[in-house]
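Here's the structure we're looking at; comments come further down.
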Amino acid sequence: MANACLITEIQRFAINDGPGFRTNVFLKGCPLKCVWCHNPETIDAKAQVFWKKRLCAQCGACMEACPTEAIQPPIDPVLAQSEGVDYYKIDLARCNHSMQCAAVCPYGALEITGKLLTVKEILDEVESDLPFYKNSGGGMTLSGGEPTAHPDFAEKLLAGAKARGLHTCLDTNGYCSWDILQRLLKYIDIVLFDLKHTDPEKHKQWTGVDNALIMKNLARLTQTGVETWVRIPVIPGFNDSIEDHQAAVEFLNGLPGKIHRVDLLPYHNWCQDKYGWLGLDWPLGRVEAMEPSLLEIPKEYYEMSGLKTTIGGSGFEDAK
């Protein structure tokens, strides 16, 4: 549907997703399945249900409402919340996403993630913070998931934002046809482009897709003149070695056009609750968050090669 899309969150006053204070609009659905994904609820294009066990009283109301018998029978609430207990409220294999369980939950333990919103509804909310954008150089950032997975909606939303005088950023993994990206560029001030790894096999192993299309699109993007910030999520065991950074620098310096800056984004594990709420195991859940200071040396390496670089991607930081 071109006029509406499932949105997981409209996050206000973001400061790491483009210049100034920004409102991030997270679209649901992504063609990649990154092992480290910090927004796992945005991968599936369908609406889903979070089960927040700390709020669940095991009252059984959801079990009675479910049309497909996808709700597990109640157990003792204390036991359900105990560490190491293999109990998840929803049998995901039986769930038909009717959302009736969430509708009847009296405690808010079952929460729908993915709300269908129109272009107008989103822009009305985004525009409510217009004074903050004007004072800081901020605006709207379209994120996800992957916005290019919804090209018609993304185009209408971005065009509507520009019609209202809003600064726009597109946060993309670049895994789409060039025609889609080219359509959207007419309404974009800055592209935040993820570069996860330069090695195709390792990229596929950790994200589910080859990186050839992504790297080709980044090369073409740099020739358009659109301001481009390359964002590298630095993940332990995946792309955090000096060799990985050297390969990234070599690739970026070999691009046919200009990039404005590089943002090194240190891995964090603050999203591990989301995986539990979705009934998913997260392989990186026990990996400690990366100290930003560990990226100081790689940052110097990028800068020595002539690339303006930040750690964390602050929209208020002048890259040196």
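In the numbering used here, the protein residues as written are 114 to 433.
A virtual CB, placed ideally from N, CA and C, is assigned to each residue, including glycine.
C-alpha distance - residue i paired with residue j, whole-angstrom precision
i: residue 427; j: residue 181; result: 46 Å
i: residue 355; j: residue 411; result: 7 Å
i: residue 263; j: residue 189; result: 42 Å
i: residue 123; j: residue 283; result: 14 Å
i: residue 139; j: residue 387; result: 15 Å
i: residue 360; j: residue 311; result: 7 Å
i: residue 191; j: residue 206; result: 25 Å
i: residue 158; j: residue 291; result: 21 Å
i: residue 276; j: residue 251; result: 16 Å
i: residue 396; j: residue 196; result: 17 Å
C-beta contact flag for residue i and residue j at 8 Å
i: residue 254; j: residue 127; result: yes
i: residue 398; j: residue 164; result: no
i: residue 215; j: residue 225; result: yes
i: residue 309; j: residue 320; result: yes
i: residue 442; j: residue 422; result: Since the first residue of the chain shown is 114 and the last is 433, residue 442 is not available in this structure.
i: residue 117; j: residue 169; result: no
i: residue 257; j: residue 147; result: no
i: residue 368; j: residue 332; result: yes
i: residue 345; j: residue 375; result: yes
Identity of the residue in the options nearest residue i by Cα
i: residue 318; options: 149, 120, 130, 373; result: 149
i: residue 288; options: 274, 132, 248, 260; result: 260
i: residue 227; options: 156, 252, 185; result: 156
i: residue 285; options: 197, 267, 279; result: 267
i: residue 136; options: 119, 217, 241; result: 241
i: residue 121; options: 229, 252, 271, 186; result: 229
i: residue 394; options: 385, 401, 400; result: 385
i: residue 186; options: 179, 178, 325, 173; result: 173
i: residue 401; options: 413, 414, 381; result: 381
Whole-number beta carbon distance between residue j and residue i, since they are thought to touch under 8 Å
i: residue 420; j: residue 365; result: 6 Å
i: residue 273; j: residue 236; result: 5 Å
i: residue 208; j: residue 183; result: 4 Å
Residue-level contact to chain B via CB, residue i, 8 Å cutoff
i: residue 118; result: This model lacks chain B altogether, as it is built from one protein chain only.
Entirely enclosed alpha helix (DSSP H) segments - the segment 185-247, minimum 4 residues: Taken in chain order, the complete alpha helix (DSSP H) segments of 4 residues or longer contained in the segment 185-247 are 190-193, 213-217, 232-240.
Runs of beta strand (DSSP E) lying entirely within the segment 350-416, each at least 3 residues, in chain order: 374-379
Minimum length 3: unbroken beta strand (DSSP E) runs contained in the segment 125-170: 135-140, 161-164
Residue ranges of each beta strand (DSSP E) within the segment 260-288, 3 or longer: 280-285
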